[in-house]
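Q: Residue numbering for the sequence shown follows the working numbering, starting at 1 and increasing by one per position. Here a beta-carbon is modelled for each residue, glycine too, at the ideal position from N, C-alpha and C. It should be emphasised that the depicted structure is a prediction, and the values quoted were computed from it without experimental measurement. Could you have a look at this structure, given as structure tokens, before my questions?
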Amino acid sequence: MESKFIWKNGEMVPFEQATLHFLTPALHYGAAVFEGIRTYNTPKGPAIFRLGEHVKRLFDSARVLGFREFPWSFDDVMKAHKDTVRANGFNDCYVRPLIYLDGGGWNLNVDYGKPSLMIAVWEWNNYLGGDALVNGIHANISSFTRHHVNVTMTKAKIAGNYANSILAKTESERNGFQEAIMLDPQGFVAECTGENLFIVRNGVIYTPSTAPVLEGITRSSLATIAQDLGYEVKEAPISRDQLYIADEVFVCGTAAEVIGLSKIDYRQIGDGKTGPITRKIQETYHDAIRGKIAKYEAWCDLVG
């Protein structure tokens, strides 16, 4: 995970100097927001995939958490991401910005603290494993419920929210699965621990509505790609048993990219491998993120 430099509040500092004090309140209360972004090598050089959308969501998450003023502009943060990738010399890398409550805030009010921002990059392959692209992965329905929309804010990537994902993911892996599917408080399918979910039935693609889930940028990209390939994409409630009888199920996210689910709760999905519709979307997405498809080239923000 090590890289040469990390951007910290406007300065590029050596990796080993990018540290926080033990009494940083974000560490104690999870009062931070983050993004997961990827840089891919393209025919025109390294490009950050949908950087503008990610930076906008980063600011949106910070506002949802309660921060009202920032010492950096949108353009400042866009440039900071590119500077960090360039300083580390990576062609392909994962990018992690984090806005965190730095100083003050011990009374559980962000107005008494201040926001700080750090950006790190490192080389990271598909986090569910290369074999998963073809064979898919095994998942289960978690015993942990996804957050209620008025208990915590599901549209924001708030660091503290991910204790929910840690509980579910740890339980699933200890039980022999590779990912957990979480239901919403009403019992419908929500999302996985770090991915949005789609199912395919009779040639139509369905995904849960945005109300209970993170509005994933990869999710949005795949919906566009699927429609461009001629598939109908619908937002609709999905029940647990609809997963079992789906023709295909796939999940997506910046870290996972596009991965099929071959088994859910020990039930085989389709033929037990990545399905044909998932495969088409997967292949198109992989070309799009590397700047190989003209119509999606605007999604690739060149590092320069």
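Between the alpha carbons of Arg-290 and Val-204, how many angstroms are there, rounded?
A: As a working mapping, residue 290 is identified with position 290 in the sequence shown. As a working mapping, residue 204 is identified with position 204 in the sequence shown. If you take the alpha carbons of Arg-290 and Val-204, they lie about 27 Å apart.
Q: Within the same chain, show all residues whose beta-carbon is closer than 7 Å to that of Gly-45, passing over the 5 residues directly before and after it, in chain order.
A: What you label residue 45 is simply residue 45 of the sequence shown in a count that begins at 1. Around Gly-45: Leu-302, Val-303.
Q: Exposed or buried, which one is Asp-131 when buried takes at least 16 other CB atoms within 10 Å?
A: Sequence index remark: in the sequence shown, residue 131 carries index 131 (1-based). The residue is exposed, with fewer than 16 neighbouring Cβ atoms inside 10 Å.
Q: On the CB-based measure, 16 or more other CB atoms within 10 Å of its CB, does Arg-38 come out buried or exposed?
A: Counting from one through the sequence shown, the residue named residue 38 turns up at place 38. The residue is buried, with at least 16 neighbouring Cβ atoms inside 10 Å.
Q: For Asn-140, which of Met-118, Gln-178, Glu-123, Asn-126 has the nearest alpha-carbon?
A: As a working mapping, residue 140 is identified with position 140 in the sequence shown. The option with the nearest alpha carbon to Asn-140 is Gln-178.
Q: Give, in chain order, every unbroken run of the alpha helix (DSSP H) that is at least 4 residues long and sits entirely within the stretch 148 to 179.
A: Counting whole runs of 4 or more residues, the stretch 148 to 179 contains the alpha helix (DSSP H) stretches 163 to 174.
Q: Which partner residues does Thr-39 have in the DSSP bridge list?
A: Counting from 1 along the sequence shown, the entry for residue 39 is found at position 39. Partner(s): Ile-48, Cys-93.
Q: Does any C-beta atom of chain B lie closer than 8 Å to the C-beta of Trp-124?
A: Within the model displayed, chain B is absent; a lone protein chain is all it includes.
Q: Under the three-state reduction of DSSP, which class applies to Asp-301: helix, strand or coil?
A: On the sequence shown, residue 301 is found 301 positions in, with the first residue counted as 1. In the structure shown, Asp-301 sits in a strand (DSSP, three-state: E or B).
Q: Check the DSSP bridge columns for Tyr-206 and list the partner residues they point to.
A: Indexing the sequence shown from 1 puts residue 206 at position 206. Ile-199, Lys-234.
Q: Taking the straight line between their C-alpha atoms, what separation do you get for Glu-171 and Gln-282?
A: Position 171 of the sequence shown holds residue 171. Position 282 of the sequence shown holds residue 282. When rounded, the distance between both Cα atoms is 28 Å.
Q: Going by DSSP, what residues sit across from Ala-31 in a beta bridge?
A: Looking up residue 31 in the sequence shown gives position 31. DSSP, once it has assigned bridges, lists no residue as partnering Ala-31.
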